[in-house]
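Quick notes on the structure that follows.
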Amino acid sequence: QAPGSTDRRGPSPPPHVHYPPLGEDAAGTMTEAVFGIKGKDFVIVAADRTTVFSVIKMKDDYDKIWEVEGKLFAALGQTADASNFVEFVEKNIRLHTLRTGMPLSTKAAANFTRNELAQAL
Numbered sequence: 688q689a690p691g692s693t694d695r696r697g698p699s700p701p702p703h704v705h706y707p708p709l710g711e712d713a714a715g716t717m718t719e720a721v722f723g724i725k726g727k728d729f730v731i732v733a734a735d736r737t738t739v740f741s742v743i744k745m746k747d748d749y750d751k752i753w754e755v756e757g758k759l760f761a762a763l764g765q766t767a768d769a770s771n772f773v774e775f776v777e778k779n780i781r782l783h784t785l786r787t788g789m790p791l792s793t794k795a796a797a798n799f800t801r802n803e804l805a806q807a808l
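Just so you know, we're using the numbering used here here: the sequence shown kicks off at 688 and counts up by one.
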């Protein structure tokens, strides 16, 4: 097929562009991804399960979505940093619930998380 032409798979790449092979040998070139879709009465959250350090695939069964007080949190980045940050947020949200006897709303939990992240930067 000629470069630039299209078929059912989309346009073919120019001949000078090199794409890495797909599959296990390309795992080191993968990036992390989290997607969220909000509908009228539903939410879908999806994340890959791969942890990568530089070009080395460390794990392929790491869960990047946490449940915190009935809310879903997804975090990416260095594995230890993401895990520590979500645990920090989880403990503080739980502390608020214990102190006040009322759980945080989703909006309040998002605001708390956003503020803590901004202060950490």
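Positions of the beta carbon are idealized from the N, C-alpha and C atoms, including for glycine.
Remember, predicted model here, so these are calculated numbers, not experimental data.
If you draw a straight line from the Cα of G757 to the Cα of F729, it comes to about 14 Å.
Under the three-state reduction of DSSP output, T793 falls in the helix class. Under DSSP, F772 takes part in no beta bridge, so it has no partner. With 16 or more other Cβ atoms from the protein chains shown falling within 10 Å of its own Cβ, T800 counts as buried. Take the alpha-carbon of T787 and the one of V732: they are about 29 Å apart.
Following the DSSP letters along the chain, one finds L759 inside the beta strand (DSSP E) bounded by residues 758-761. Each residue's CA atom was taken as its position, placing A762 and A805 some 15 Å apart.
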